[in-house]
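Visitor: Residues in the sequence shown are numbered from 1394 upward in steps of one, following the numbering used here.
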Amino acid sequence: MTNTTTYLNEEDYMGEEQEIVQVLNRYLTIFAENNVTAYGELYVDPKSMENHDDLGKEVIEITNLDFNPDVSDLDVGANDKVVEVSKKQKVPRGDSNIVEDKQMFCFTETNEGWKINWISD
1394 MTNTTTYLNE
1404 EDYMGEEQEI
1414 VQVLNRYLTI
1424 FAENNVTAYG
1434 ELYVDPKSME
1444 NHDDLGKEVI
1454 EITNLDFNPD
1464 VSDLDVGAND
1474 KVVEVSKKQK
1484 VPRGDSNIVE
1494 DKQMFCFTET
1504 NEGWKINWIS
1514 D
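Dropping the structure here:
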């Protein structure tokens, strides 16, 4: 059975939330295409993602976005935006089992638009 990537509907969001959803959709595309080069471009510090093993999995869906999670115990900059999401993925890539979990994505607005600062484990 083949699962296809399910993208977020960008029209359901406005302003900076829509811009962040566009980054999350790009994140999904990069996993669908297993595009190692583009993966680093999503991050504030692309060099930190060189040789990272994240692309050994296949992210197939992101849902339940919470743009106002409790971040009191996290290292978040004043201008950062943290979004908690539910994520479905196959680990490793191509596995038949789908794993569901929640993760926090921290975004920073840069001159090139919103970029990922960090993702929780």
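Idealized CB from N, CA, C, for every residue including glycine.
Kindly indicate which residue of Thr1456, Glu1409, Glu1403 has the alpha-carbon position closest to the one of Phe1500.
Guide: That would be Glu1409, whose Cα lies nearest to the Cα of Phe1500.
Visitor: Tell me, please, whether the region 1442-1457 touches the region 1413-1422 by the rule of three or more beta-carbon pairs shorter than 8 angstroms.
Guide: Cβ pair count under 8 angstroms is three or more, so yes.
Visitor: With Ile1423 and Tyr1432 assumed to form a contact (beta carbons below 8 angstroms), what rounded beta-carbon distance in angstroms separates them?
Guide: Confirmed, Cβ separation roughly 5 angstroms.
Visitor: Are Leu1493 and Lys1483 close, meaning C-beta to C-beta below 8 angstroms?
Guide: For clarity, residue 1493 is Glu in the given sequence; the question names Leu instead. Contact: no.
Visitor: For Ile1491, which residues of its own chain have a beta-carbon under 8 angstroms away from its beta-carbon, when the five flanking residues on both sides are left out?
Guide: Same-chain partners within the cutoff: Asn1396, Ile1453, Lys1481, Gln1482, Lys1483.
Visitor: Helix, strand or coil: how does DSSP classify Met1394 here?
Guide: Low confidence applies to Met1394: its pLDDT is 43, below 50, so where it sits in the model is not reliable, and the reading given next is rough at best. Looking at Met1394 - three-state DSSP - the assignment turns out to be coil, as it is neither helix nor strand.
Visitor: Can you have a look at Leu1421 and say buried or exposed, based on whether 16 or more other CB atoms are within 10 angstroms of its CB?
Guide: Result: buried.
Visitor: Give the DSSP-derived three-state secondary structure of Glu1409 in the structure shown.
Guide: Of the three classes helix, strand and coil, the one that applies to Glu1409 here is helix, per DSSP.
Visitor: Check Gly1449 in the structure and name its three-state DSSP category.
Guide: It is helical.
Visitor: At which residues does the alpha helix (DSSP H) containing Val1484 begin and terminate?
Guide: That residue, Val1484, is in no alpha helix (DSSP H); it is neither H nor E in DSSP.
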